[in-house]
Every structure is written in C-alpha cells, then in structure tokens.
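Written below as structure tokens is the structure these notes are about.
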Amino acid sequence: MSSFDMELGYHDAILRKTLVQLREAEDSKKGVVAACLFTPYVGKAYAFSDIREDDRNNHAERNALDHHLALFGQPTSHSVMITSLSPCKKDDPKRYGVSCTDMLLGNDPMHPDIVIPNVHVGYIDPWQPTLEEYLSWGFKLTVTRDHDIAEACRRLFDYFLPENYRKVPIPDFVNEALRDF
Ligand SMILES: [Zn+2]
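For the sequence shown, my numbering assigns the number 4 to the initial residue and increments by one for each residue that follows.
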C-alpha cells in the first residue's frame with residue numbers, strides 16, 4: 004500500500020469518526036455538515052455547522068477552525084480540514100464570514116495568516132466548485148473512497164434540496180442520514 008493510500012485511509016477513519024461525533028451530538032447541537040480540523044501530533048477539533056441567533060449559518064469548517072484555535076492554537080502546514088461536504092465558494096448572505104474556500108486559502112480578514120490547503124471531503128457539493136477547480140486554486144483536495152462514508156455524506160447534503168431545506172427538523176434528518184454510523 005502506498006503512503007498516499009495509507010494517508011487517505013487514515014483521513015477516512017477521521018471522517019468516519021467525525022460523522023459518529025455528529026450522530027452522537029445532542030440534538031440541539033446537530034448541523035447538517037460535520038468537519039474536523041486535524042493537526043498531526045497535535046489533535047483533532049470536531050465541529051458542526053449551526054444556525055446563529057441572528058439566523059445566519061456558521062459553517063462547519065469555520066467552527067472547526069475556531070475550535071482548533073481554542074484547543075490547540077494555530078494550525079500548521081500539515082493540518083488537514085476533513086469535512087463531510089466540499090468547501091463552499093459562492094456568495095451567500097446567510098453565511099457568517101467569507102466562504103470556506105476563501106477562509107482556507109488565506110483570504111479571510113478574520114484569519115489573514117491561516118492557510119489550510121489540505122482538505123479531505125466525503126462528498127463534492129454539486130452546487131459548488133468542481134474537484135478540478137479546487138485543485139487549480141492550490142488545494143490538495145481528496146475525496147473519500149469509502150462507499151458508506153460517501154453515501155452518508157450525500158444523504159446529509161440532501162438536506163439542502165428545496166423539499167427538505169428548513170422544512171424537516173435537522174436532528175431527525177441527520178439521525179436518519181447517519182443511521183448506520
Ligand atoms: Zn462553507
């Protein structure tokens with residue numbers, strides 16, 4: 004097995020644990036995107052998306068970075084953002100802060116000195132950039148090869164479809180999507 008395959012397997016193991024953390028979270032803490040900012044030999048900061056009191060969405064990647072800063076301090080060049088859904092890029096007035104893509108590329112006025120090019124995802128959001136676009140911007144982005152993880156992450160994404168979005172309770176939706184984890 005190549006070192007690339009071993010690393011991918013390890014990142015998938017963390018992604019699986021991230022989904023378990025989401026399933027086991029209190030219902031009031033559940034979001035539909037889960038992320039973990041992992042820094043080798045330092046630690047793992049798990050977080051989920053949430054809706055703030057002003058009705059804006061705080062994305063899982065931003066919450067994971069904030070959590071990492073609180074627990075372990077700054078990420079390093081070896082840190083990996085592991086997330087159930089590929090990082091957003093489009094403008095979104097409902098989102099707190101710049102896009103997760105811009106945040107990870109060092110274009111966040113709140114975190115101008117943080118760049119996290121290593122990203123591992125469970126599902127590529129069909130409404131956001133393609134894998135080729137992420138790579139062209141300098142991301143080292145990988146996608147899970149684990150069928151069960153990919154399926155669960157796609158089921159979580161389905162919350163954003165018009166028939167589900169803000170129509171079904173998030174905890175019920177998440178628990179059903181992650182029923183096998
Ligand atoms: Zn985002």
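Note that the Cβ used here is the ideal one computed from N, Cα and C, for glycine as well.
Predicted model only: the values in this text are computed from it and were never measured.
Please indicate yes or no: does the CB of residue i lie closer than 6 Å to some heavy atom of ligand 1?
i    : result
H62  : yes
C91  : yes
C103 : yes
So if DSSP puts residue i in a beta bridge, which residue, or which two residues, is it bridged to?
i    : result
I85  : C39 and H123
A48  : L40
T145 : H123
R98  : N60
Output the distance between the C-alpha atoms of residue i and residue j, rounded to the nearest integer angstrom.
i    : j    : result
G46  : F75  : 7 Å
Y168 : C103 : 20 Å
D53  : I152 : 21 Å
C156 : Y13  : 17 Å
S139 : L68  : 23 Å
A38  : M84  : 7 Å
E154 : T147 : 10 Å
E136 : I127 : 12 Å
Y99  : R65  : 9 Å
K92  : P129 : 12 Å
Y44  : P174 : 33 Å
Q77  : H71  : 7 Å
I119 : T42  : 11 Å
Going by other Cβ atoms of all chains shown within 10 Å of its Cβ, with 16 needed for buried, is residue i buried or exposed?
i    : result
P172 : exposed
L164 : exposed
H123 : buried
E27  : exposed
M4   : exposed
Y49  : buried
A73  : exposed
S80  : exposed
With H, G and I counted as helix, E and B as strand and the rest as coil, what does DSSP make of residue i?
i    : result
D57  : coil
R26  : helix
R158 : helix
I3   : Here the chain comprises residues numbered 4 to 184, so residue 3 is not present and cannot be evaluated.
H71  : helix
I1   : With the chain represented from 4 up to 184, any question about residue 1 goes unanswered, as that position is not in the structure.
E135 : helix
C103 : helix
G34  : coil
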